[in-house]
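Going from the sequence shown to our numbering is simple: count from 1 and add 667.
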Amino acid sequence: MPRSEDGADLTRPEVPAELPPHPEAPNAGAHDPGLPDPGPHDTSPAAPGPGDSGPSDPVPPDSPLEGVPSRLHPSVIAVWAFQAAGPAAVGLFLLGQGSLLLFGLVPVVLAWAGGQYWRFRWHLEPDAVVIQRGLLFRSRRVIPRERVQSVDLERSVLRRILGVVQVRVEAIGGQGTEGQLDALSPAMAEELRRILLRRTPVDTLDRTTPVGEAEGEGALPEAEVVSHVSPRGLLAAGLTGGRVGIGAALVGFFFQFAPDAWIEDFVVSRVESVEDPSQLEAWFAGGQFLIFLAVVAIVGGFLFSVAWTVVQHWDFTLSRSVTGLGVERGLLTQHRDTVPFNRIQAVRIEENWLRRRLGLAALRVVVAGRAGADQSGGTDLLLPIGRRGEVWRIAREVVGVGAPEEGAAPEVELHRMPRGARDRRLVRAGIQTAVMGGLGAGVSALWLDLSWWVGGVGVAGLVVVPMVVLALMAFRGLGWAHLDTHMVVREGALTRTTTLVPVAALQELQVTETFFQRRRRLSTLELPVAAAVPQAIDLGRTTALDLQEDLAERVVRGRREGRPGSV
668 MPRSEDGADL TRPEVPAELP PHPEAPNAGA HDPGLPDPGP HDTSPAAPGP
718 GDSGPSDPVP PDSPLEGVPS RLHPSVIAVW AFQAAGPAAV GLFLLGQGSL
768 LLFGLVPVVL AWAGGQYWRF RWHLEPDAVV IQRGLLFRSR RVIPRERVQS
818 VDLERSVLRR ILGVVQVRVE AIGGQGTEGQ LDALSPAMAE ELRRILLRRT
868 PVDTLDRTTP VGEAEGEGAL PEAEVVSHVS PRGLLAAGLT GGRVGIGAAL
918 VGFFFQFAPD AWIEDFVVSR VESVEDPSQL EAWFAGGQFL IFLAVVAIVG
968 GFLFSVAWTV VQHWDFTLSR SVTGLGVERG LLTQHRDTVP FNRIQAVRIE
1018 ENWLRRRLGL AALRVVVAGR AGADQSGGTD LLLPIGRRGE VWRIAREVVG
1068 VGAPEEGAAP EVELHRMPRG ARDRRLVRAG IQTAVMGGLG AGVSALWLDL
1118 SWWVGGVGVA GLVVVPMVVL ALMAFRGLGW AHLDTHMVVR EGALTRTTTL
1168 VPVAALQELQ VTETFFQRRR RLSTLELPVA AAVPQAIDLG RTTALDLQED
1218 LAERVVRGRR EGRPGSV
């Protein structure tokens, strides 16, 4: 049995492999997290939310919702053809090969898409969704309704023009999207979504009764708006987000791969505008041209960041129903995503350095078995930006922590790590400074015809202060708290990530130590949940082992008593 230097047992205690889901979160109030002071709460229903039960027409007798195998909407031929030939068509058009595009590529792609449409069938059975497809190789996929965890709707620009909706069905344990219907009428898509998210089987309701008018468990209650991000808030999200570097890279990519004629026209027009050739020579020789390109890349990065955020998250609305959360967003491509409560494993509050100074934060949720395309590390975005207090309130409610005491701040007060954690980061900063100083010495001696110590000392002197500052920021970014049924851990220097983990969601508990941690009697407590591994880094060894034992007892006791994560 492996043990630490002081004889402490570092093996993890046995934790049940499958844990019951944590209780659903209480209702949250509505709020607009734009940059102005929070306004009055809005309790109006979402339009529509994840469980909206507005009126709908009776299902026609020959509908696939009645078990009759049917094709998709005919406009799916155009959707599939564009997806298959779109990039190639753009390339041929830019290369001036319009005739090849018209007489060669288009007929082939349309024939392929038409064949796919002709062979595609889908229908809904009382306990499953069945999808059959394939031209040369046929496939038949059956998705049991009991495994369906979310039904997301998406309308791209092309689909909005054609008047259809894409439906994606996510199932528990799936490695990707289990079922995808690329083109349904909006009424059919909404009806399918309501049926799949309803708790009772299909055949327990009258087929002629609109879903929204059904009574009992089968009826989906109205969704309540939790938060709505204003356009001003989206501008702040773009200006303070992390996409500036991506935008600058895209600007550089454009200059690298754009047609030469475009670049020549751009440069020649500005060269011809210069009256004195000596000014032009000085402009290039003095590096002003490179500075100009750098400014263009930075400004372009900011503009791209703002535009991308506004377009992607336009009209961002977070709503909730009894069964889960709903997210609606998008200017060009409209999304309606579902996050079931019983699949939420943790929530993350993300704050970069600039947003911390402005009192802003973003909120993500870690979802088990989620295979959506808009994820990052197994997480779904719940709020692109909001005031820190409001983000904390939503985070607490989503995982069931509960509201703070009256008059208390919603943030959880965290314990700091021991002094050894700070010393580790300062030593690491010293090593990094020495390495960069050595590189500076080598460059000075080999290429700059300077004494090696001049370059070494100069580089080390330039980087030592930033390195120390980053080390201290990394230490202050560490923290942890134990809230009986939840663990809270934080890490990060420039960007801090605070994770709230329900004890019931823990899959295992592990204490690890590196060689350097052992020298300072430090340990890291890992809290693996589905799709993420939150960590309490550089805890005191005794504290880490005590937490491991206590959390394991709570998980086992909660499972035995049927109260997950409870004392």
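Backbone N, C-alpha and C define an ideal beta-carbon position, used for all residues, glycine too.
None of the values given here were measured: they were computed from a predicted structure.
- Determine the extent of the beta strand (DSSP E) in which S894 is found, giving its start and end residues. 891 to 895
- Message: Let me confirm a value: F1182 is counted as buried when at least 16 other C-beta atoms fall within 10 Å, else exposed. Which label applies?
- Response: In the assembly as shown, F1182 is an exposed residue. Its beta-carbon has fewer than 16 other beta-carbons within 10 Å.
- Item | A1148 beta carbon less than 8 Å from that of L1214 | Result no, Cβ atoms of L1214 and A1148 do not sit closer than 8 Å.
- Message: I need the DSSP call for I1011, collapsed to helix, strand or coil.
- Response: strand
- Which of helix, strand or coil does DSSP assign to S986? strand
- Just curious, the alpha helix (DSSP H) that E1228 is in, first and last residue? It spans 1208 to 1228 - the alpha helix (DSSP H) in which E1228 sits, taken as one unbroken run.
- Item | Reduced DSSP secondary structure (H/G/I, E/B, other) of R807 | strand
- Item | First and last residue of the uninterrupted alpha helix (DSSP H) at V1136 | 1119 to 1143
- Residue(s) in a DSSP beta bridge with W789: S737, I798
- Indicate the three-state DSSP secondary structure (helix, strand or coil) for L906 in the structure shown. helix
- Less than 8 Å separating the beta-carbons of L772 and R786? For L772 and R786, no; Cβs fall outside 8 Å.
- Query: Leaving out the 5 sequence neighbours to the left and right, which residues in its chain are closer than 7 Å to R738 when beta-carbon positions are compared?
  - Reply: Y784, F787, R788
- For Q1177, the nearest candidate out of R1187, R1188, I1204, R1163 (CA to CA): Ranking the options by Cα distance to Q1177, first place goes to I1204.
- Task: Identify whether V746 lies in helix, strand or coil by the three-state DSSP scheme.
- Result: helix
- Query: What is the DSSP secondary structure of T1179, counted as helix, strand or coil?
  - Reply: strand
- Query: Who pairs with M1154 in a beta bridge, going by DSSP?
  - Reply: H1149, V1168
- Task: Check whether the Cβ of L1189 lies closer than 8 Å to any Cβ atom in chain B.
- Result: Looking for chain B here will not work: only one protein chain is present.
- Item | Cβ-Cβ distance between L1173 and L1113 below 8 Å | Inclusion of L1173 and L1113 in the CB contact set at 8 Å is not warranted, their separation being larger than that value.
- Task: Return the first residue and the last residue of the alpha helix (DSSP H) that S1111 is part of.
- Result: 1086 to 1113
- Query: Using a Cβ-Cβ cut-off of 7 Å (strictly less than) and excluding sequence neighbours within five positions of F1153, which residues of its own chain qualify?
  - Reply: It is His, not Phe, that sits at residue 1153 in the sequence shown. If we look at H1153 and ignore the five residues flanking it on each side, its Cβ neighbours are V1066, V1068, L1167, V1168, P1169, V1170.
- Based on the DSSP secondary-structure assignment, which residues constitute the bridge partners of Q1184? DSSP, once it has assigned bridges, lists no residue as partnering Q1184.
- Message: Quick check on R1221: buried or exposed, where buried means 16 or more other Cβ atoms within 10 Å of its Cβ?
- Response: buried
- For the alpha helix (DSSP H) that R827 lies in, which residues bound it at each end? 824 to 829
- Around the C-beta of I958, are 16 or more other C-beta atoms found within 10 angstroms, so that it is buried, or is it exposed? exposed
- Query: Assuming W1059 contacts I1016 under a Cβ cut-off of 8 Å, what Cβ separation, rounded to an integer in Å, is found between them?
  - Reply: The C-beta separation of W1059 from I1016 comes to about 7 Å, placing the pair in contact by the 8 Å criterion.
- How is I1052 classed by DSSP in three states: helix, strand or coil? For I1052, the secondary structure class from DSSP, reduced to helix, strand or coil, is strand.
- Please check the pair T1209 and N1019, which I expect to be a contact at CB under 8 Å, by giving their CB distance rounded to whole angstroms. Not really, about 33 Å apart at Cβ, beyond 8 Å.
- Message: Between the alpha carbons of R800 and L863, how many angstroms are there, rounded?
- Response: 21 Å
- Message: Looking at the strands, I want to know which residues DSSP matches up with E1017.
- Response: A1029, T1164
- Message: On the DSSP letters alone, give me the boundaries of the alpha helix (DSSP H) that E1193 sits inside.
- Response: Where E1193 is concerned, there is no enclosing alpha helix (DSSP H), although the beta strand (DSSP E) it sits in stretches over 1189 to 1193.
- Query: Taking the alpha carbon of P736 as the point to measure from, which residue in F749, E792, G905, R1143 has its own alpha carbon closest?
  - Reply: E792
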